[in-house]
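J.: If you read the sequence shown in the working numbering, its first letter stands for residue 259, the second for the next number, and so on. Glycine included, each C-beta is placed from N, C-alpha and C at the ideal position.
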Amino acid sequence: MIDRLELTKNVQFYDLKIPPDNEERRITNDEILNILNAADDNIEPNSEYLINDFRTERSLIDADVNYIYSLRVFPTLRPVYFMGEAEGGESFYDTIYAFILVLEFDNSISIIKKSCANISDKLEKDFNLITSHSLAGTFNDSDVSFQKISTRSMTNSDKAIRSRSFESSDLKGAFSTHAAGRSIPYYLKLRQGPTIKTISGSGRLVEASQRISFDDIASWSYNQLCLVRQGGGVKDFLSYFAQQKELNEVMVSTQPNAILIESTALYEKIESEGLRIKYKLPDGDDCYLSEKKLNKLFQKLEKVYGIRDDLTLDSAIGSAKIKRNNKTLTIESTILRRLKVVANGKEATLQSFIFKNGFYSITFQDPRYMYFMGNCFEDASGISEINSILDILMPVDNMDKVLSEKGTFTKLSTKFSVESMFDLVEEIHKNDDYIFCDDLGNEWADHITFNKQDSCISFIHSKHGSKTTSASKLHDVVGQAIKNLGYMYFSASDLLDKVKNKLKKNYVNNNTGTKIKKIRKGDTRKLKKYLDDLSKDVKLHRKCILSCSFISKSEVKREFGKLRRNQPVKPHVIQLLWILSSFSHAVKEVNAVPVIYCAK
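In structure tokens:
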């Protein structure tokens, strides 16, 4: 019968808990039987199993590896949601088939299931979940394209955006990592070669594919587990985000200070699965929450509740407190225990339903930490961004020879002084098709360039000064660049107007007229068609460039290295990090590429 199975690659992995006083512990019949019996708790009354295989030995078809599998397939009832309950309590149900497959590889198991009852309690008693963090360690970030990331901000503030989702063909490079360290990734969609995978915060791994046979799903599960064991994937992108931390380590130095029930996720699950909530009346009868009462409940749940030093809650959800376990924090509430969630004829307290689905988050007195979806996370902002910030620093030849921003002028000048920043910028971009000097007046940038071969529009802002790691010199040029980001998406008519009304004139500096043309390169008679063609280029991208002679990449790298090693640095180095981060973030937010020309 198992040869007829056609399964999707949708799995969770667990390791058997090994206590210090029983290091020889192995999986036994009891642990597996507990899982199976919990899974079929929603079996249709008086029905038989379609398949009921228990701890059967088998070998992988493509490797000399033995494993044990347990499989139950059984009918279960699902309410017909579009038919209300008739008088006398009669309801209509669809009969569907549910299954649970447990694959044992030594002291690890993989579980593939559908439409079963909740098995979380039985799993947590004997097994540890292999987390999303471990699943993400199976690949190098550079080898995959991150197509979607959903994040939870490390805050429970009523005024903050708590969750965000980002999508792109590859978020690496396009995603602004500014303050990403205070974001917890709880859903990843990635492409690894021809394969698309998703990893959720619940530790679920899904690989997009056609349904495959029983033997193929066993081989795939084993291979994924081997990748988890191997680990060691280089996380040069995911390292920007908040990192998992052991709860015991966090609780040594800080205490919980607030809890938020993730009411939106809770509401969506209840609505999407047609679940109902009830409670017992004094006479013992069941009373289901009306829409009005349900809305009132969610109004209370969506509030942030403070946590006192004794872990009790200042709440409107009855007597409540935070319970600390070995690796988890849970909520104990009289009202949440009294309310029952009804699914497929089975009941669970709303409290356990919230806990099992991870629909709550806890912040700490130390704002660097947050508890979310069963794990603790630490803020990695700032330090985690160092590599991405260093990447935007581009040393250029002759930067150390620059003596001024614009040079000196005479009435006969036809170009900027050789030792000036403006001249260096024009030399760097000499192969571009068009170069405009838009300095002074209603400027968009000091220089604007177009390059059809590179499919690129560049806005360049220049600043000269002696070398320093001080942040003060960056303020002006960064502020100017950020202020003018909106101009990067100019219309052709706007640019043509600028050319006609401003750029066709010669450059004037401090009332000194020159023969320096503001149209430094390019035939403006062909500009309209050129812009039309460039705008249709699907590879077109924009760069916002700072050209700063006072920045030395080697010096910045040295100071940032001290930060990474937790060595003391002067306060202005921290400011420099955040200003550079802010520039990078702002530019990427408008889908442009940040670049800083600097000294070596």
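Along the chain, where does the beta strand (DSSP E) that runs through Thr314 open and close?
T.: Taking the first residue of the sequence shown as 1, we reach residue 314 at position 56. Start and end: Ile309 to Ser317.
J.: For Ala516, which residues in the same chain have their Cβ closer than 8 Å to its Cβ, ignoring the five residues on either side in sequence?
T.: One-based indexing of the sequence shown puts residue 516 at position 258. Same-chain partners within the cutoff: Asn414, Val562, Tyr563, Gly564, Ile565, Ile620 and Thr621.
J.: Provide the residue(s) that pair with Met628 in DSSP beta bridges, ordered along the chain.
T.: Counting from one through the sequence shown, the residue named residue 628 turns up at place 370. Thr621 and Phe635.
J.: Could you pull the start and end residues of the alpha helix (DSSP H) that Phe499 belongs to?
T.: Here residue 499 refers to the residue found at position 241 when the sequence shown is read from its first residue. Here Phe499 belongs to no alpha helix (DSSP H), and DSSP marks it neither H nor E.
J.: What is the C-beta distance between Tyr272 and Asn386, in whole angstroms, given that I count them as a contact (C-beta under 8 Å)?
T.: Working through the sequence shown from its first residue, we reach residue 272 at position 14. Working through the sequence shown from its first residue, we reach residue 386 at position 128. Rounded, the Cβ-Cβ distance is 6 Å, consistent with contact.
J.: Quick check on the DSSP output: what are the complete beta strand (DSSP E) runs of length 3 or more inside the segment 702–737, in order along the chain?
T.: 705–709 and 714–721
J.: Identify every run of the alpha helix (DSSP H) within the segment 388–450, keeping only runs that are complete inside it and at least 4 residues long; order them along the chain.
T.: 390–394
J.: Excluding five sequence neighbours on each side, which residues of the same chain lie with their C-beta closer than 7 Å to the C-beta of Thr672?
T.: Translated into positions along the sequence shown, residue 672 becomes position 414. Result list for Thr672: Lys773 and Ile774, in chain order.
J.: Between Asp543 and Gly459, what straight-line distance do the alpha-carbon atoms span, to the nearest angstrom?
T.: Against the sequence shown, residue 543 aligns to sequence position 285. Against the sequence shown, residue 459 aligns to sequence position 201. Distance between the alpha carbons of Asp543 and Gly459: 38 Å.
J.: Whose C-alpha, out of Asn768, Asp658 and Leu308, is nearest the C-alpha of Ile354?
T.: Locating residue 354 in the sequence shown gives position 96, counting from the first residue. The candidate whose alpha carbon is nearest that of Ile354 is Leu308.
J.: The beta strand (DSSP E) with Val600 in it runs from where to where?
T.: Within the sequence shown, the letter at position 342 stands for residue 600. Element bounds for Val600: Lys598 to Ala601.
J.: Can you tell me whether Tyr546 is helix, strand or coil according to DSSP?
T.: For the purposes of this step, residue 546 is identified with residue 288 of the sequence shown, where counting begins at 1. If DSSP states are grouped into helix, strand and coil, Tyr546 belongs with the strands.
J.: Ends of the alpha helix (DSSP H) at Thr522?
T.: Position 264 of the sequence shown holds residue 522. Start and end: Ser521 to Ser530.
J.: Go ahead and label Pro826 buried or exposed: buried means 16 or more other beta carbons lie within 10 angstroms of its beta carbon, across all protein chains shown.
T.: Along the sequence shown, one-based indexing puts residue 826 at 568. Pro826 is exposed by the Cβ-count criterion.
J.: Can you tell me the Cα-Cα spacing of Asn689 and Arg469, whole angstroms?
T.: Here residue 689 refers to the residue found at position 431 when the sequence shown is read from its first residue. Here residue 469 refers to the residue found at position 211 when the sequence shown is read from its first residue. Asn689 and Arg469: Cα-Cα distance of roughly 53 Å.
J.: Considering only DSSP beta bridges, list what Lys579 is partnered with.
T.: The residue you call residue 579 lines up with position 321 of the sequence shown. For Lys579, which the question treats as bridged, DSSP gives the partners Thr570 and Glu590.
J.: Please report how far the alpha carbon of His830 lies from the alpha carbon of Val654, in whole angstroms.
T.: Residue mapping note: residue 830 aligns to position 572 of the sequence shown, counting from 1. Residue mapping note: residue 654 aligns to position 396 of the sequence shown, counting from 1. His830 and Val654: Cα-Cα distance of roughly 24 Å.
J.: Determine the direct distance from the alpha carbon of Asp681 to that of Tyr745, and round the result to whole angstroms.
T.: Working through the sequence shown from its first residue, we reach residue 745 at position 487. Working through the sequence shown from its first residue, we reach residue 681 at position 423. Taking the straight line from one Cα to the other gives about 23 Å.
J.: Tell me which same chain residues have a C-beta within less than 6 Å of the C-beta of Ile479, skipping the five on either side of it?
T.: Position 221 of the sequence shown, counted from the start, is the residue given in the question as residue 479. Ile is not the amino acid found at residue 479; the sequence shown has Ser there. Within the same chain, Ser479 has close Cβ partners Val269, Leu361 and Ser368.
J.: With DSSP collapsed to three states, give me the class of Ile686.
T.: Position 428 of the sequence shown holds residue 686. In the structure shown, Ile686 sits in a helix (DSSP, three-state: H, G or I).
J.: Since Thr396 contacts Gln502 with CB under 8 Å, what's their CB separation in whole angstroms?
T.: Within the sequence shown, the letter at position 138 stands for residue 396. Within the sequence shown, the letter at position 244 stands for residue 502. Not confirmed; about 15 Å, so no contact.
J.: How is Gln746 classed by DSSP in three states: helix, strand or coil?
T.: As a first step, residue 746 must be located in the sequence shown, where it is residue number 488. Sequence check: residue 746 is Met here, not Gln. Helix.
J.: Can you give me the Cβ contacts of Ile290 inside the same chain, cut-off strictly under 7 Å, excluding the 5 residues immediately before and after it?
T.: Indexing the sequence shown from 1 puts residue 290 at position 32. The answer, listed in chain order, is Arg313, Ser328 and Val360.
J.: By the three-class DSSP mapping on this structure, what secondary structure does Gly564 have?
T.: Looking up residue 564 in the sequence shown gives position 306. It is a strand residue.
J.: Candidates His391, Glu701 and Cys802: which alpha carbon is nearest Leu761's?
T.: Within the sequence shown, the letter at position 503 stands for residue 761. Per the Cα distances, Glu701.
J.: Looking at Ile718: is its Cβ nearer than 8 Å to the Cβ of Ser805?
T.: Taking the first residue of the sequence shown as 1, we reach residue 718 at position 460. Taking the first residue of the sequence shown as 1, we reach residue 805 at position 547. Result yes, Cβ atoms of Ile718 and Ser805 sit closer than 8 Å.
J.: With DSSP as the reference, label Lys538 as helix, strand or coil.
T.: Here residue 538 corresponds to residue number 280 of the sequence shown, with the count starting at 1. Looking at Lys538 - three-state DSSP - the assignment turns out to be strand.
J.: Leu483: buried (16+ other C-beta within 10 angstroms of its C-beta) or exposed?
T.: Residue mapping note: residue 483 aligns to position 225 of the sequence shown, counting from 1. By the 10 Å Cβ count, Leu483 comes out buried.
J.: Is the separation between the beta-carbon of Lys380 and that of Phe357 shorter than 8 Å?
T.: To locate residue 380, count along the sequence shown from 1; it is residue 122. To locate residue 357, count along the sequence shown from 1; it is residue 99. Taking 8 Å as the Cβ cut-off, Lys380 and Phe357 do not qualify as a contacting pair.
J.: Are the CB atoms of Leu505 and Asp384 nearer to each other than 8 Å?
T.: Here residue 505 corresponds to residue number 247 of the sequence shown, with the count starting at 1. Here residue 384 corresponds to residue number 126 of the sequence shown, with the count starting at 1. No, Cβ-Cβ distance for Leu505 and Asp384 is not below 8 Å.
J.: In terms of residues, what are the limits of the beta strand (DSSP E) holding Ser467?
T.: Position 209 of the sequence shown, counted from the first residue, corresponds to residue 467. It spans Arg462 to Ile470 - the beta strand (DSSP E) in which Ser467 sits, taken as one unbroken run.
J.: May I ask which residues mark the beginning and end of the alpha helix (DSSP H) holding Glu817?
T.: In the sequence shown, counting from the first residue as 1, residue 817 sits at position 559. In the DSSP assignment, Glu817 falls within the alpha helix (DSSP H) that extends over Lys811 to Arg822.
J.: Spell out the partners DSSP gives Met652 in its beta bridges.
T.: The residue labelled residue 652 in the question sits at position 394 within the sequence shown. Paired residue(s): Tyr855.
J.: Of the residues Pro540, Ile535 and Asp649, which one's Cα is nearest the Cα of Asn612?
T.: One-based indexing of the sequence shown puts residue 612 at position 354. For the sequence presented, residue 612 should be read as Ile rather than Asn. Measuring from the Cα of Ile612, the nearest candidate turns out to be Ile535.
J.: So, with DSSP's three-state summary, where would you put Asn700?
T.: Locating residue 700 in the sequence shown gives position 442, counting from the first residue. Residue state, collapsed to three classes: coil.
J.: So, at 7 Å on beta carbons, what are the nonlocal neighbours of Tyr765 in its own chain, with the 5 sequence-adjacent residues on each side left out?
T.: Residue numbering aside, residue 765 sits at position 507 when the sequence shown is read from its first letter. So the qualifying residues of the chain are Cys695, Thr772, Ile774 and Lys776.
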